[in-house]
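Input: a single structure, listed below in structure tokens.
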Amino acid sequence: MPTLDLGVLVSGTGTNLQAVIDAVSAGTLDARIRLVLSNKPGVAALERAHRAGVPTRVLSHKGYARREDYDQALVETLRQAGARWIVLAGFMRILTPVFLDAFPMRVINIHPALLPSFPGVDAQGQALAYGVRVTGCTVHFVDSGTDTGPIIAQAAVPVMPDDTRDSLARRILAREHEALPTVLQWIAEDRVVVEPGSGASRARVIVRDRDPFLGFWPENR
Ligand code: GRF
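Residue numbers -12 to 208, in the numbering used here, belong to the letters of the sequence shown in order.
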């Protein structure tokens, strides 16, 4: 089985990056992080990468007139580093087809809601404001929409009556940190297959021999 050569894109705190770093060093994820790339200097995610001895680059989006030009620079940097699979771990930029076509069905995002509910920014706040009783996180392939790509796996958490946005975000984040390395290991094991859509039907993901419903916290099924 080939080791996954990962490029991880970040913009912020990097706790999901940390979960991937920890899974690699624990031997539960067969991957090499070839590069952690941030669009912002000085973020905690870069510090986490430094501590783990993972190569980093900062490539600011400022100074690029067009999104496509920035994305082309991202592609070149990631390819030079040897990244073949891309993880968006809190990367706060929309990617254009220039990027997505360079890594077709090889860009993975983690989103803090049960998609297709609450796409976009502040999914936890959206869930709280709507009044749902269950939310969670979704690991999915990235397509050209906002959080619309084929879903690989989901985990659910309850919304408690006294939740704040932060308490809910923390509960979801704990599941994100399990879900992301788990799905990456499935990819490393070649268990994840995308069935193309046809006509009105969406592309769907098949996961071989693993349950892509990652359970309901605090109780598993
Ligand atoms: C996570 O909630 C993730 O789902 C979302 O951005 C946040 C990143 O957090 N896409 P972190 O930087 O990994 O701590």
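A virtual CB, placed ideally from N, CA and C, is assigned to each residue, including glycine. None of these values were measured; they are calculated from a predicted model.
Exercise. What is the rounded straight-line gap between the Cα of residue 67 and the Cα of residue 150?
Worked result: 44 Å
For this session: Would you mind stating whether residue 25 and residue 54 have Cβ atoms separated by less than 9 Å?
Result: no
Problem set entry | Coil, strand or helix - residue 26 by DSSP | coil
For this session: Using the DSSP secondary-structure output, state which residues sit across from residue -8 in a beta bridge.
Result: 19
Exercise. Apart from the five residues just before and just after residue 208, which ones in its own chain have a Cβ nearer than 7 Å to its Cβ?
Worked result: Interpretation of residue 208 is limited by its pLDDT of 37, a score under 50 that renders its predicted location unreliable; the figure taken from the coordinates is listed afterwards. Cβ within range, chain order: 202.
For this session: Determine the burial state of residue 168: buried for a count of at least 16 other Cβ atoms within 10 Å of its Cβ, exposed for fewer.
Result: buried
Exercise. Would you say the beta carbon of residue 182 comes nearer than 8 Å to a heavy atom of ligand 1?
Worked result: no
Exercise. Rounded to the nearest angstrom, how far is the Cβ of residue 122 from that of residue 102, given a contact under 8 Å?
Worked result: With a Cβ gap of about 11 Å, residue 122 and residue 102 do not count as contacting.
Exercise. Does the stretch 154 to 169 touch the stretch 129 to 144, meaning 3 or more C-beta pairs lie closer than 8 Å?
Worked result: yes
For this session: State the DSSP-derived secondary structure class of residue 251, mapped to helix, strand or coil.
Result: Given that the chain is displayed from residue -12 to residue 208, the structure contains no residue 251 and the question cannot be resolved.
Exercise. With distances taken between CB atoms, is the gap from residue -6 to residue 31 smaller than 9 Å?
Worked result: no
Exercise. Measuring from the CB of residue 159, is there a heavy atom of ligand 1 at a distance below 8 Å?
Worked result: yes
Exercise. What does DSSP give as the partner residues of residue 44 in its beta bridges?
Worked result: 24
Exercise. What alpha helix (DSSP H) runs, 4 residues minimum, are completely inside the stretch 65 to 101?
Worked result: 84 to 87
For this session: Tell me where the beta strand (DSSP E) around residue 123 begins and ends.
Result: 121 to 128
For this session: Could you spell out where the beta strand (DSSP E) holding residue 191 opens and where it closes?
Result: 191 to 194
For this session: Can you check DSSP and say which residues form a bridge with residue 182?
Result: 191
Exercise. Using a threshold of 8 Å, is the CB atom of residue 2 nearer than that to any non-hydrogen atom of ligand 1?
Worked result: yes
For this session: Inspect the beta-carbon positions of residue 112 and residue 134 and report whether they are closer than 9 Å.
Result: no
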